[in-house]
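Novice: In full-length UniProt numbering, the protein residues as written are 1 to 256.
Every residue gets a Cβ at the ideal spot worked out from N, C-alpha and C, and that includes glycine.
This is the structure I want to talk about, given as structure tokens.
Structure below.
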């Protein structure tokens, strides 16, 4: 689906109007994107939300990977024992100070083999029914890659400020360059964060080339694996310290 089609359908699909209404009291919406999977995007999104909440910001985290959600695993959430409240829509529960929404609440970690339009419909439905209330910051963990569902999501969110996450490899460089070029073409405010950094190319030149604010480098941290499922342990890792510095720069830039 092209961005143009998404904009046209926004007029016709009441779910998209509902999504805008549900997000109307959110000061800043920040989709976290990647040109491909396996770059640690979800973990960056989770830690960023936890840190922002610790900084006193009213923070939400939305896992929009509707076919393979995983943010709940990083947070240690058991979808079978924690459920959203239904009140003027679906109110995400608080997890470690963060309003957290995921389709895993309804799939109970079972595979959801959705394809094509079914994926897009699921994303629209989640956006339309989730009642975020008043937030300073909503971090959206988007589907990985540059597929339609990831790009169309940007059309469904009000004034998105995109954080592109990339790894410092030659293979990843071409992909993140395509993503940044696309965001520049669409006029989206954009940021670049380099994850799993262990030396070499920090991709600063790409940020400069495509007018993206460079948020920094997150060092490769093997200890993160042992901290998965425990928000406090996650926040004590070296990775979290690097992400925290990047988030502080982001919050300052957003003025929140």
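Do you know offhand how far residue 233's Cα is from residue 51's?
Specialist: By one-based count along the chain shown, residue 233 stands at place 233. By one-based count along the chain shown, residue 51 stands at place 51. Those two C-alpha atoms are separated by around 12 Å.
Novice: Closest to residue 230 by C-alpha separation, out of 171, 207 and 78, would be which residue?
Specialist: For this step, residue 230 is matched to residue 230 along the chain shown. Nearest option by C-alpha distance: 78.
Novice: Using a Cβ distance threshold of 8 Å, determine whether the stretch 168 to 181 contacts the stretch 201 to 219, with at least three qualifying pairs required.
Specialist: Judged by Cβ distances under 8 Å, the stretch 168 to 181 makes contact with the stretch 201 to 219, as three or more pairs qualify.
Novice: Go through the stretch 102 to 159 residue by residue and report every complete run of the beta strand (DSSP E) that reaches 3 residues or more, in order.
Specialist: Those beta strand (DSSP E) runs which fall completely within the stretch 102 to 159 and span 3+ residues are 135 to 141.
Novice: Identify, in the order they occur along the chain, each residue of the same chain with its Cβ nearer than 6 Å to the Cβ of residue 112, setting aside the five sequence neighbours on each side.
Specialist: Position 112 of the chain shown holds residue 112. The answer, listed in chain order, is 67.
Novice: Does residue 211 come out as helix, strand or coil in the three-state DSSP assignment?
Specialist: Counting from one through the chain shown, the residue named residue 211 turns up at place 211. Three-state result, residue 211: coil.
Novice: Rounded to a whole number of angstroms, what is the C-alpha to C-alpha distance between residue 158 and residue 32?
Specialist: Position 158 of the chain shown, counted from the first residue, corresponds to residue 158. Position 32 of the chain shown, counted from the first residue, corresponds to residue 32. Their Cα atoms are separated by approximately 14 Å.
Novice: Would you call residue 268 buried or exposed, if buried means 16 or more other Cβ atoms sit within 10 Å of its Cβ?
Specialist: As shown, the chain starts at 1 and ends at 256. That puts residue 268 outside it, with no answer to give.
Novice: Who does residue 63 pair with in a DSSP beta bridge?
Specialist: Along the chain shown, read from residue 1 onward, the residue named residue 63 stands at position 63. Answer is 102 and 141, bridged to residue 63.
Novice: In the DSSP assignment, the beta strand (DSSP E) including residue 77 goes from what residue to what residue?
Specialist: Reading the chain shown from its first residue, position 77 is the one you call residue 77. Unbroken run through residue 77: none, as it is neither H nor E.
Novice: Give me, in chain order, the residues of the same chain whose beta-carbon lies closer than 7 Å to that of residue 260; leave out the 5 immediate sequence neighbours on both sides.
Specialist: The structure shown has nothing for residue 260, since the chain only spans 1 to 256.
Novice: If you draw a straight line from the alpha carbon of residue 224 to that of residue 147, how long is it in whole angstroms?
Specialist: In the chain shown, counting from the first residue as 1, residue 224 sits at position 224. In the chain shown, counting from the first residue as 1, residue 147 sits at position 147. So the alpha carbons of these two residues sit roughly 28 Å apart.
Novice: For a test of the three-state rule: what should DSSP assign to residue 27, helix, strand or coil?
Specialist: Counting from 1 along the chain shown, the entry for residue 27 is found at position 27. Strand, per DSSP.
Novice: Take residue 188 and list the residues in its own chain whose beta-carbon comes closer than 7 Å to its own, dropping the five residues that flank it on each side.
Specialist: Mapped onto the chain shown, residue 188 falls at position 188. The answer, listed in chain order, is 154, 160 and 162.
Novice: Quickly, what does DSSP pair residue 90 with across the bridge? List them, please.
Specialist: In the chain shown, counting from the first residue as 1, residue 90 sits at position 90. Looking at the DSSP assignment, residue 90 forms a beta bridge with 86 and 130.
Novice: Compare the beta carbon distance of residue 136 and residue 27 with 9 Å and say whether it is the shorter of the two.
Specialist: Numbered from its first residue, the chain shown carries residue 136 at position 136. Numbered from its first residue, the chain shown carries residue 27 at position 27. For residue 136 and residue 27, yes; Cβs fall inside 9 Å.
Novice: Taking all protein chains shown into account, do 16 or more other C-beta atoms lie within 10 angstroms of the C-beta of residue 200, making it buried, or fewer, making it exposed?
Specialist: Numbered from its first residue, the chain shown carries residue 200 at position 200. Looking at its Cβ environment, which holds fewer than 16 other Cβ atoms inside 10 Å, residue 200 is exposed.
Novice: Using the Cα positions of residue 115 and residue 55, report the straight-line distance between them to the nearest angstrom.
Specialist: Position 115 of the chain shown, counting from 1, holds the residue named residue 115. Position 55 of the chain shown, counting from 1, holds the residue named residue 55. Distance between the alpha carbons of residue 115 and residue 55: 38 Å.
Novice: Give every residue of the same chain whose Cβ lies closer than 8 Å to the Cβ of residue 8, excluding the five residues on either side of it in the sequence, and list them in chain order.
Specialist: Looking up residue 8 in the chain shown gives position 8. Any reading at residue 8 needs caution, since the residue's pLDDT is 49, under 50, leaving its predicted position unreliable; the model's value is listed next. If we look at residue 8 and ignore the five residues flanking it on each side, it has no Cβ neighbours.
Novice: Less than 9 Å between the C-beta atoms of residue 150 and residue 192, yes or no?
Specialist: By 1-based counting over the chain shown, the position of residue 150 is 150. By 1-based counting over the chain shown, the position of residue 192 is 192. Cβ distance not < 9 Å, so residue 150 and residue 192 don't count as in contact.
Novice: Expressed to the nearest angstrom, what Euclidean distance is found between the alpha-carbon atoms of residue 240 and residue 36?
Specialist: If you number the chain shown from 1, residue 240 lands on position 240. If you number the chain shown from 1, residue 36 lands on position 36. Cα to Cα, the separation comes out at about 22 Å.
Novice: Report the CB separation of residue 101 from residue 63 in whole angstroms; it is logged as a contact under 8 Å.
Specialist: By one-based count along the chain shown, residue 101 stands at place 101. By one-based count along the chain shown, residue 63 stands at place 63. 7 Å between Cβ atoms; contact.
Novice: Can you name, in chain order, every residue of its own chain whose Cβ lies under 8 Å from the Cβ of residue 181, other than the five neighbours on each side?
Specialist: On the chain shown, position 181 is the one that residue 181 refers to. If we look at residue 181 and ignore the five residues flanking it on each side, its Cβ neighbours are 210.
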